[in-house]
Amino acid sequence: AQSVTQLGSHVSVSEGALVLLRCNYSSSVPPYLFWYVQYPNQGLQLLLKYTSAATLVKGINGFEAEFKKSETSFHLTKPSAHMSDAAEYFCAVSAGQGAQKLVFGQGTRLTINP
Amino acid sequence: DVKVTQSSRYLVKRTGEKVFLECVQDMDHENMFWYRQDPGLGLRLIYFSYDVKMKEKGDIPEGYSVSREKKERFSLILESASTNQTSMYLCASRRDRWDSNQPQHFGDGTRLSIL
Chain L
7 AQSVTQLGSH VSVSEGALVL LRCNYSSSVP PYLFWYVQYP NQGLQLLLKY TSAATLVKGI
67 NGFEAEFKKS ETSFHLTKPS AHMSDAAEYF CAVSAGQGAQ KLVFGQGTRL TINP
Chain Y
46 DVKVTQSSRY LVKRTGEKVF LECVQDMDHE NMFWYRQDPG LGLRLIYFSY DVKMKEKGDI
106 PEGYSVSREK KERFSLILES ASTNQTSMYL CASRRDRWDS NQPQHFGDGT RLSIL
């Protein structure tokens, strides 16, 4: 069975600082991995996805994530935080090709300090 | 762009009522999903469907049922609402049944309160 652990339910950084949101997964087969963002009172939007083509994945709004199989991690980073990045971020794993379901982490709320 | 529309943003119902949450997608997607979102628990899958009249239980189906009579529409039904079903409900769709490389597309959610 697949599972996702997001380390830290709340992360706070200063505007202009590095953003690092941690995600570790468990999967018995090569996974597909996703990061989603949720702004207040909205649904989830896709930030980026890993599908085995490249280990470093670039997404929207300057975010990127690196797939590290040896560490079973898929951490999300952004070099310089902006006030508009304040939101909740979810990591999700799918159990490879043919899987119907996504398993989500519990979410990390990102706060940006001016 | 894919559009997933949930019929209500906010809904208040009473204990014991039968509650319907509606979701429509406009891109002929095969898969549709219902999740509930609670603080600290992330998103938990209630039911999903991969075709008209087909449904599969997710991780927390108890107290819920679903209906998919048309490909574009997926309804979540609370047979007899209880206070522990107060939550945010999110609908999602995905293009292909078997291509899990495809992302899910989400509606804006329905915040349901059961009094």
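Residue numbers (our numbering), protein chains in the order written: chain L, 7 to 120; chain Y, 46 to 160.
We put the beta carbon where it would ideally sit given N, CA and C, even for glycine.
Because the structure is a prediction, the values reported are computed rather than measured.
Check, Outcome
"Note down, in chain order, every chain L residue with its Cβ under 8 Å from the Cβ of Y/Leu135.", "Gly49 and Leu50"
"By the criterion of Cβ-Cβ separation under 8 Å, what are the contact partners of L/Ala105 in chain Y?", "Ser145"
"Which residue marks the beginning of the beta strand (DSSP E) containing Y/Met77, and which one marks its end?", "Asn76 to Asp83"
"Using the rule of at least 16 other Cβ atoms within 10 Å of the residue's Cβ for burial, across every protein chain shown, is Y/Met72 buried or exposed?", "exposed"
"If I'm right that L/Ala71 touches L/Tyr95 with Cβ under 8 Å, what's the distance once you round it to whole angstroms?", "L/Ala71 to L/Tyr95, Cβ: 11 Å. No contact."
"Starting from L/Ser18, trace the beta strand (DSSP E) both ways and give me its first and last residue.", "His16 to Ser20"
"In the DSSP assignment, what are the bridge partners of Y/Tyr92?", "Y/Trp79 and Y/Lys102"
"Which bits of chain L does Y/Gln149 rub up against, with CB to CB less than 7 Å?", "Leu108"
"Take every Cβ of the stretch 47-58 of chain Y, pair it with every Cβ of the stretch 54-69 of chain L, and state whether three or more of those distances are shorter than 8 Å.", "no"
"Would you say Y/Phe93 reaches chain L, if we count a Cβ-Cβ gap shorter than 8 Å as a contact?", "yes"
"When DSSP labels each residue in this structure, what does L/Thr57 get in the three-state scheme?", "coil"
"Can you pull the chain Y neighbours of L/Lys55, defined as C-beta to C-beta under 7 Å?", "Pro148"
"Quick one: Cα of L/His16 to Cα of L/Asn30, how far?", "16 Å"
"Taking all protein chains shown into account, do 16 or more other C-beta atoms lie within 10 angstroms of the C-beta of Y/Arg59, making it buried, or fewer, making it exposed?", "exposed"
"Classify L/Asn119 as helix, strand or coil using the three-state DSSP reduction.", "strand"
"Beta strand (DSSP E) containing L/Leu13: first to last residue?", "Ser9 to Leu13"
"Closest to Y/Tyr92 by C-alpha separation, out of Y/Asp83, Y/Lys98 and Y/Ile105, would be which residue?", "Y/Ile105"
"Could you tell me which chain L residues have their CB closer than 8 Å to the CB of Y/Asp96, listed as they occur along the chain?", "Near Y/Asp96 there are no residues of chain L at all, since even the closest Cβ is about 11 Å away, more than 8 Å."
"Can you look up L/Gly68 in the DSSP assignment and give me helix, strand or coil?", "helix"
"Check the Cβ-Cβ distances between L/Phe40 and every residue of chain Y, and say whether any is below 8 Å.", "yes"
"Beta strand (DSSP E) containing L/Ala23: first to last residue?", "Unbroken run through L/Ala23: none, as it is neither H nor E."
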